[in-house]
Amino acid sequence: KLLQVEGRLATCTTCPYCGVGCGVNAVPDGMGGLTITADKTHPANAGRLCSKGTALGETTGLEDRLLTPRIHGREANWSDALDLVAAKFRETIEKHGPDSVAFYVSGQLLTEDYYVANKLMKGFIGSANIDTNSRLCMASSVAGHRRAFGTDTVPGLYEDLEQADLVVLTGSNLAWCHPVLFQRLVAAKKANPALKVVNIDPRRTATSELADLHLAIAPGGDVALFNALLAHLADTGRLERAYIAAHVNGLDEALAAARADDPAASGLSEEEIATFLTLWASTERVVTVYSQGVNQSSSGTDKVNAILNCHLATGRIGRPGTGPFSVTGQPNAMGGREVGGLANMLACHLDIENAEHRAAVKEFWDAPAMPEGPGLKAVDLFRAVEEGRIKALWIICTNPAVSMPEADRVATAIKDCEFTVVSDLTAETDTARLADVLLPATGWAEKDGTVTNSERCISRQRAILPAPGAARHDWRIICDVAERMGFGAAFDFTSPAEIFREYAALSGVAGRLGLDFDISDLSDLSDRDYDALEPFHWPRAGTRQGGRFFAEGGFYHADGKARLLAVTHRAPASVPCAEYPFRLNTGRVRDHWHTMTRTAKSPRLSQHIAEPYLEIHPADAADLGLAPASIAEVTSRQGRVLLRVLISERVQRGQVFAPMHWTGETAPCGRVDALVAANTDPLSGQPESKASTVAIRPMEAS
Ligand code: SF4
């Protein structure tokens, strides 16, 4: 789809960074870059952009790009590389069974890429060993939604933040991590001075600057706080009894657990807790936004359910300006959830543990094999690589040697794996350097397909620049390998539009099984209409069309009701001790993205924060003898890094913060995620990336 922008033809596409999913208009500048403007018509941003989106055109150059396949570091042709990948996977499966191979994919993939990868692994190889870096981002929200609602359904829309009278941002630095959504909130607060914002975060962040109340909660204290809220709602007669009677089960058990919990475990004062409870309970239109501070926890799923409990018990869900709202990190984390790109899901919200659902998908695909249950989630998957149980691994569009917890250990496991394939834009990532076979993939500006943002809006991503060198699209590479493995008939797609049509048709199966993820009216979309597809929210049919979920109940458990869950506070798994006395919180900075393979190309983006750092409280810095801007050595049981000291009162005593973007290549500091222990939530498998324990000392003393 082309649009006239300032006298030039621009392509309408979608920003590839965060889960806000903003529309952008892109015009090639003739030198490999792009001129980017905001799409005024896109429902996510309506003309807004943030610093990363604005600088997109500076990140599309060809320096560092991988332009031909490589086998053991030597340039090769596609035919030899694909033959080798298919033969190694086939041999491994024949010798050791389908669970001896795995794919590790990415929330940066487009839905069409995700669809064929999932189809190949689950329906044709016959294993569920396909997991994604989105496991590190929002798996606890998925598990919490499924426990409460019966499916992974986000109830609300972005406009709810603008229609609320109270927005609670918990475990979310919205200002830096979802900037355009934050811009919308700032504008809403300006337009409605009565709108209150509460920010719950152990750190004081850019988001806290907007807040009327900042609650510096103890790491892991969210369940205790929201349990206190549930008990308060009951004690003050604020439960919505009619809604509960009609639509919700489990109140008595959830309330008993909430009353038994100790609010002091939140780390907040009685006065702070009372202020929050009174504000929440007395405000009808409340949206609780949560993100990685909630999800990246060994009790992440319980934290999500503690939040959902309060909204369900008051009927504050599915009506304008109300609801719990999980904001996703990556541009297509939500599309990956919809297409079954996680080891414990099938496509279109179908359940891999449901025999009827498995049979329906198997029949639709005419698949020779389907796994009987879930595969290995990310942390377990790399453990299986380390232990030699996974013998052939294909990593697509992600950099786990930097981003996984215990990153150094994961890098060693990948290096020692019998056969590793990496598809990526560049050979210059810590993961790509470890590959036996490197496959050149196209990047954001060269790819066609669809993505889904945090509010269930499906948008087109459109190619603007030609594929460089011999680079191929991810869906094409996966289909090429599938064909060589003997599955050609099921993977003879010639375009993303064809894949989308099949995916849309499969969603009709979900519709027939009673799920609302049914976009099957798009299954006969012409290529032309696919190209022109405007952003749309699902569901596309029925009374909920394009809108919110659950104001009138209609949950997806067999009895049609939601579940309140009995949850209890648990402290983070790593306990500070004399040897490792500090809690390390990791996260993003405003202008970099993931492991910086793209944003590092823009000098403008690096101007904001130029190097990795350790944010530490002045009193702790004084105790340790750390001067401002000196170098600290940070160690944990899992790893060691060197970081520039940033002394600030934004972090509490005993806690430190470090951004996770920089790698051994972009700064000689080591990988911050090497410090993070691989403690995971027992239900979601999401690692606890925000509460590791570390020791710190001045570099001079080491
Ligand atoms: Fe891109 Fe997110 Fe910024 Fe929107 S808010 S422009 S999607 S990075």
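Numbering follows UniProt numbering, in which position 254 of the sequence shown is assigned residue number 263; successive positions increment by one, without gaps.
Cβ atoms here follow ideal geometry from the backbone N, Cα and C, with glycine treated the same way.
| query | result |
| --- | --- |
| Among the residues of its own chain, which have a CB less than 8 Å from the CB of L623, if the five just before and after it don't count? | A641, V643, L652, R653, V654, L655, V665, F666, A667 and I705 |
| Collect the residues with a C-beta less than 5 Å away from any heavy atom of the ligand FAD and give them in sequence order along the chain. | Questions concerning the ligand FAD fall outside what the structure shown contains, since the ligands it does hold are the ligand SF4. |
| Report all residues from its chain with a CB closer than 6 Å to the CB of L614; omit the five preceding and five following residues, and keep chain order. | A64, D600 and T608 |
| Quick one: Cα of E365 to Cα of H566, how far? | 15 Å |
| Anyone know if the C-beta pair for A263 and A575 falls short of 8 Å? | yes |
| With a Cβ-Cβ cutoff of 8 Å, do T552 and V411 count as a contact? | no |
| Which residues does DSSP list as the beta-bridge partners of G596? | P668 |
| Can the beta-carbon of T435 be found less than 8 Å from the beta-carbon of T672? | no |
| Please confirm if the segment 251 to 262 is in contact with the segment 334 to 348, defined as three or more CB-CB distances below 8 Å between the two stretches. | no |
| Relative to the C-alpha of T595, which residue among P696, L633, E709 and A267 is closest? | P696 |
| How many Å lie between S217 and V303 at the Cα? | 16 Å |
| When the Cα of residue 758 is compared with those of W289, M669, E362 and Q305, which residue comes out closest? | The structure shown does not extend to residue 758, since the chain is modelled only from 10 through 711, so no value can be given for it. |
| Which ranges does the beta strand (DSSP E) cover as unbroken runs of at least 3 residues, wholly within the segment 619 to 668, from first to last along the chain? | 622 to 625, 640 to 644, 649 to 656 and 664 to 668 |
| Strictly by DSSP, which residues pair up with E470? | Residue identity differs from the one stated: residue 470 is Gln in this sequence, not Glu. According to DSSP, which records beta bridges pairwise, Q470 is partnered with G458. |
| Could you name each continuous beta strand (DSSP E) segment of 3 residues or more that falls completely within the segment 69 to 121, going from the start of the chain to the end? | 110 to 114 |
| Just curious, the alpha helix (DSSP H) that H320 is in, first and last residue? | G309 to A322 |
| Assuming C186 is part of the alpha helix (DSSP H), what are its boundary residues? | L183 to C186 |
| Roughly how many whole angstroms lie between the Cα atoms of S711 and P377? | Note on S711: pLDDT 44, under 50, position unreliable in the model; no value is reported. |
| Judging by CA-CA distance, which residue of S306, A368 and A422 is the nearest neighbour of F391? | A422 |
| Closest to E620 by C-alpha separation, out of E84, R328 and R680, would be which residue? | R680 |
| Where L18 and K10 are concerned, what is the direct C-alpha to C-alpha distance, given to the nearest angstrom? | 10 Å |
| From this set, A126, V207 and D73, which residue's C-alpha is nearest A499's C-alpha? | A126 |
| Considering only the alpha carbon of each residue, which of C59, R662 and D169 lies closest to Y26? | C59 |
| Let me know the secondary structure DSSP gives A710 once reduced to three states. | Per-residue confidence for A710 stands at a pLDDT of 48, beneath the threshold of 50, marking its modelled position as unreliable; no derived number is given. |
| Beta-carbon within less than 7 Å of L260's beta-carbon, same chain only, minus the 5 sequence neighbours each way: which residues are those? | I253, A322 and L573 |
| Please state the DSSP three-state secondary structure of C678. | coil |
| Using the rule of at least 16 other Cβ atoms within 10 Å of the residue's Cβ for burial, across every protein chain shown, is P637 buried or exposed? | exposed |
| Name the one or two DSSP bridge partners that S136 has. | Paired residue(s): none; S136 is not in a bridge. |
| Assuming E464 contacts H546 (C-beta within less than 8 Å), just tell me the rounded distance between them. | 7 Å |
| According to DSSP, G332 sits in a beta bridge with which residue or residues? | V296 |
| Assuming P449 is part of the beta strand (DSSP E), what are its boundary residues? | V446 to P449 |
| Assign D433 to one of three DSSP states: helix, strand, or coil. | strand |
| Is it the case that the Cβ atoms of S701 and S645 are separated by a distance below 8 Å? | yes |
| With distances taken from CA atoms, which of A266, G165, L93 and G309 is nearest N462? | G165 |
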